[in-house]
Every structure is written in C-alpha cells, then in structure tokens.
Amino acid sequence: GAVVSQHPSWVICKSGTSVKIECRSLDFQATTMFWYRQFPKQSLMLMATSNEGSKATYEQGVEKDKFLINHASLTLSTLTVTSAHPEDSSFYICSARILAGNQPQHFGDGTRLSIL
Amino acid sequence: EDQVTQSPEALRLQEGESSSLNCSYTVSGLRGLFWYRQDPGKGPEFLFTLYSAGEEKEKERLKATLTKKESFLHITAPKPEDSATYLCAVQSNYKLTFGKGTLLTVNP
C-alpha cells in the first residue's frame, strides 16, 4: 500500500521550455502532497506543500511564479517549472501523506530534470 | 530551526558485519522521527517512524531506536542488498527536515 507514482522519470529539454511533472497517489487519497528538490550528495530540500483545493505554501527562497503547483484532486498534484534554465536542473521528488498529523510521507521515484 | 546530522557520511561493511548509523537532531517539538532508505536514482522508501524516547522498531535486519537527542539505525548481519543511502528526518509542525544521509555499502 501507499504507492506514489511520479511521471516522467527523466526529462531533457532546452532552456526556456516549461516542464510539467505529475505526482499521483495510486492507492490512497492524499490530503497533502509535498515537492522536494535534491542535489547530489545533499539532503532533500522542501520546496512547497500542496493541499487539495487550496494554494500551495512555498518555502522561503522558492519562487512561486517559477515553480507552479496545482493540487486539483486528492490523488494528483503537478509541478510546472516555467521557463526552465540550466540552474533548474535537479532531481525533483514528490511525496504524499494519507492523513494530517504525524503519518509518514510516501515518496515517488523522482524526476531527473536536465536543462540544456 | 530544526537540524539533523547523520554520521558517518559513508560506511563500508563486509557481509555479516553488524554496525549502527547515527542521527543527531535538534527540533522544536518533535512530532516524529523517520528513517528512509534511498536507492540511486529513486525516491526514499519509508522504513520506520519513532515518536518518543525509548521507542524501538524492528524490520528484518534493521532496528531503530530513539533518545531525546539522537536515533540509531542498527543493522544486524547485513547483506549486499542492504546497500543504499539511509536518510533520517524529523518532523515538527507540518514539514520534514532531512539529514544528508549515510551511504552504506555492504560487500559480499
């Protein structure tokens, strides 16, 4: 149980392109989804918290106009990297939590984004 | 600000050689300490949640313990398939704060 699917797993695109990443909870309803970014040999850094039907909450230093998050249903959240540049290249990972409180987050397998 | 420090950064063991990974933390109101396993190019896989000092959890060759300042992940008689990065995270309020992880390599 508690499977989170993330798509695509790998994206290579030109600078200036916008890229959409999908995160789906397959066997449970996720009231809250999270988006992280991870650089090599670094810890996961939370970018934003997404609650179904409301605006995402962004962490300090994360540009909300750059990283658009939509959480339209209890099983789907999307992250759109707008006008991507090489410095946006990274490993993006989503997670979902079944209920509020102290339940563990379950993670997708990540999206490797490479901007040329 | 919550902080998580994991040690060692990397650990190399022979198959069957037991050892422990450390996670030291400072947090304003611990709501849970989580251990995850991450394989290369994959997302973290949930292992354990610990909520209060003195609590212990076990799963196969892994055992996690918790004190007020740190957590240990004990690995008993590891196998090569236990090779991965092990991540520790603490939760206060709504979000998780992760350590950088310990890269464990188990040689056959």
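Protein sequences appear in the order of chains V and X. Numbering follows the numbering used here, in which position 59 of the first sequence is assigned residue number 48; successive positions increment by one, without gaps. Numbering follows the numbering used here, in which position 21 of the second sequence is assigned residue number 495; successive positions increment by one, without gaps. Ideal placement from N, C-alpha and C gives every residue a C-beta, glycine not left out.
Cα-Cα separation between residue i and residue j, rounded to whole angstroms
i      : j      : result
X:T576 : X:A563 : 12 Å
V:S43  : X:K543 : 36 Å
X:R486 : X:V580 : 6 Å
V:L57  : V:K30  : 26 Å
X:G515 : X:K531 : 27 Å
V:E146 : X:S498 : With chain V running from -10 to 105 in the structure shown, residue 146 of chain V is simply not present.
V:S103 : V:A73  : 9 Å
X:T523 : X:K537 : 11 Å
Residue i, buried or exposed, once every other Cβ within 10 Å from all chains shown has been counted against 16
i       : result
V:V(-8) : exposed
X:P582  : exposed
X:F596  : Residue 596 of chain X lies beyond the residue range present for chain X, which begins at 475 and ends at 582; the question has no answer from this structure.
V:W(-1) : exposed
X:G528  : exposed
V:H(-4) : exposed
Residue i - containing beta strand (DSSP E), residue span
i     : result
V:K55 : Premise fails: V:K55 is in no beta strand (DSSP E) and is neither H nor E.
V:Y81 : 79 to 86
V:Q92 : Here V:Q92 belongs to no beta strand (DSSP E), and DSSP marks it neither H nor E.
V:A19 : It is not in any beta strand (DSSP E) - V:A19 carries neither H nor E in the DSSP assignment.
V:N40 : 34 to 40
Residue i - DSSP class collapsed to helix/strand/coil
i       : result
X:E544  : strand
V:V76   : It is worth fixing the name first, because residue 76 of chain V is Glu in this sequence and not Val. It is helical.
X:E555  : helix
X:E529  : coil
X:A538  : strand
X:K516  : coil
X:L577  : strand
V:V(-8) : coil
V:A45   : coil
For residue i: DSSP bridge partner residues
i      : result
V:V0   : V:L102
X:V478 : X:Y499
X:A484 : X:L577
X:L524 : X:L507
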